[in-house]
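Position one of the sequence shown corresponds to residue 26 (this note's numbering), numbered consecutively onward. A virtual CB, placed ideally from N, CA and C, is assigned to each residue, including glycine.
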Amino acid sequence: MSTQRLDVDGLLADPSTRIVVCCGAGGVGKTTTAAALGLRAAEVHGRRTVVLTIDPARRLAQSMGLSELDNTPRQVKGIDGDNGGELHAMMLDMKRTFDEVVQQHTTPQRASEIFANPFYQAMSSTFAGTQEYMAMEKLGQLRATDEWDLIVVDTPPSRSALDFLDAPARLSRFLDGRMLRMLLAPARSGGRSMFSLVTASFGLFSRTVQKVLGAQLLTDLSGFVAALDSMFGGFRQRADQTYRVLQDPQTAFLLVAAPERDAVREAAYFAERLVADRMPLAGLVLNRMHRSEVPGLSAEASLAAAETLDAAGDQPLTADALRIHAHLARQNEREQRVAATFTDAFPAVPSVSVTAQPADVHDVDGLRTIGSLLA
26 MSTQRLDVDG LLADPSTRIV VCCGAGGVGK TTTAAALGLR AAEVHGRRTV VLTIDPARRL
86 AQSMGLSELD NTPRQVKGID GDNGGELHAM MLDMKRTFDE VVQQHTTPQR ASEIFANPFY
146 QAMSSTFAGT QEYMAMEKLG QLRATDEWDL IVVDTPPSRS ALDFLDAPAR LSRFLDGRML
206 RMLLAPARSG GRSMFSLVTA SFGLFSRTVQ KVLGAQLLTD LSGFVAALDS MFGGFRQRAD
266 QTYRVLQDPQ TAFLLVAAPE RDAVREAAYF AERLVADRMP LAGLVLNRMH RSEVPGLSAE
326 ASLAAAETLD AAGDQPLTAD ALRIHAHLAR QNEREQRVAA TFTDAFPAVP SVSVTAQPAD
386 VHDVDGLRTI GSLLA
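See the structure below:
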């Protein structure tokens, strides 16, 4: 592990830290880490905190004792609020967030047209990339209200989290694309149907696309684009603004990994991207590390002692304990080597390890334990 220890309490207590983004591969305890950070920020540091999960898994609600999470922050009960802190949690509802954006930035009549459009109904629920863009919208909304001292974001597994970062750029490419401009042409020429345009180039384009997509889908798409035309500038502006917030020192990215090659490789991949995009990388959290209570006793010495006892036919329980210790010592050595592949590549990134727990975290007490280990 890195010689620099990540000061988690210092990060959470700092009033200038307004957003903590937890990223990492799937199955490394990222959701639990985000929840534990939020709980510690509220209980120990007295901050009004909200945890936003973008991962569709339901474990965050379960660990906080909530029956469900939705697009509205829900207060977590049973936390120590003596310091004035509060903990709230929510899970991104992609379609509801899209609906809220439409309602906020257009007229009721135009919003009704958009909601009724079949292409919007599909895009707002399942279209690739919509979740990540709406995550940017929701984070921007939470930050803009200035209601929260700290926002903790639990992202999807890291490759999807890169989509979260890429959402503004992808949106800009979509808005500036040739196909979109051609689809917008009828709306900008007096509202005529796209098929009534008489230009040869557009006629050829529409016939070609119609063969691929079908007339009804193309009509739905054209209507959707025309209805959203006046909103596109606002989409891009808000996404770019949120992206700048993510680059600001008020934001801290925490990489979460387990001592497994694939998970550490994902963390390194994401760290490279954060550095390239000038995002504030605060540190690495390495979950589920194993350690020995007798670090001075090597695996080899432990096995040799066990063999000596076996040969003497004496102390069988002690011999078994020595073999268990040898296994644990070797596991710890292996985990340290895996962790070193990250810390050697990023020596300036502070890190903290969290000891493996005997059972999964499923309640607030378990989150407190993880928070204490992080700190």
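Could you check if residue i is buried or exposed, using at least 16 other CB atoms within 10 Å of its CB as the buried criterion?
i: Ser397; result: exposed
i: Asp395; result: Checking the sequence, you will find Ile at residue 395 rather than Asp. Under this definition Ile395 is a buried residue.
i: Leu342; result: exposed
i: Thr42; result: buried
i: Gly216; result: The predicted model places Gly216 with a pLDDT of 46, which falls under 50 and marks its position as unreliable; any figure quoted below should be read in that light. Exposed, by the Cβ-count rule.
i: Thr122; result: buried
i: Ala264; result: buried
i: Ala384; result: exposed
i: Pro372; result: exposed
i: Gly338; result: exposed
i: Ser150; result: exposed
Might you give, ordered along the chain, the residues of its own chain that have their beta carbon closer than 7 Å to the beta carbon of residue i, omitting 5 neighbours on each side?
i: Val33; result: Val377, Leu399 and Ala400
i: Ala60; result: Val76, Leu85, Ser88, Met89 and Leu392
i: Leu38; result: The question names Leu, yet the displayed sequence has Ala at residue 38. Excluding residues within five positions, the ones whose Cβ falls inside 7 Å are His70.
i: Leu229; result: Here the model assigns Leu229 a pLDDT of 45, short of 50, so the residue's position is not dependable and the matter cannot be decided.
i: Arg99; result: Leu91, His113, Ala114 and Met115
i: Ile104; result: Leu64, Ala67, Glu68, Leu112 and Val389
DSSP three-state call for residue i: helix, strand or coil?
i: Thr276; result: strand
i: Ser376; result: strand
i: Leu311; result: strand
i: Glu125; result: helix
i: Val101; result: coil
i: Val53; result: coil
i: Pro40; result: coil
i: Met89; result: coil
i: Thr180; result: strand
i: Arg30; result: strand
i: Val69; result: coil
i: Glu297; result: helix
i: His21; result: Because the chain in this structure spans residues 26 to 400, residue 21 falls outside the shown range and cannot be described.
i: Thr170; result: helix
i: Ala384; result: coil
Taking 7 Å as the cut-off, decide whether the C-beta atoms of residue i and residue j are in contact.
i: Pro305; j: Ala277; result: yes
i: Gly63; j: Asn108; result: no
i: Leu164; j: Thr267; result: yes
i: Thr380; j: Val289; result: no
i: Leu334; j: Ala324; result: no
i: Arg348; j: Ala331; result: yes
i: Asp179; j: Thr56; result: yes
i: Leu271; j: Val374; result: no
i: Ala192; j: Glu162; result: no
i: Leu190; j: Ile176; result: no
Leaving aside the five residues before and after residue i along the sequence, list all residues of the same chain whose C-beta is less than 8 Å from its C-beta, in chain order.
i: Thr97; result: Met115
i: Glu360; result: Pro284, Met314 and His315
Quick test of your reading: residue i and residue j, contact by CB under 8 Å. State the CB separation rounded to the nearest angstrom.
i: Asp95; j: Asp118; result: 6 Å
i: Ile44; j: Gln340; result: Going by Cβ atoms, the distance from Ile44 to Gln340 rounds to 56 Å, so no, they are not a contact pair.
Here's a check: name, in chain order, each residue in its chain whose Cβ is nearer than 6 Å to the Cβ of residue i, leaving out the five neighbours to either side.
i: Gly54; result: Asn312
i: Pro182; result: Ala50 and Gly51
i: Leu238; result: Low per-residue confidence applies at Leu238: pLDDT is 46, beneath 50, and the placement is therefore not dependable, though the value from the model is reported in the following sentence. Counting only Cβ-Cβ distances below 6 Å, and skipping sequence neighbours, we find nothing.
i: Leu299; result: Phe278 and Leu306
Consider the Cβ of residue i: report whether some Cβ of chain D lies at a distance smaller than 7 Å.
i: Gln156; result: Going by chain labels, chain D is absent from the structure shown, which holds only one protein chain.
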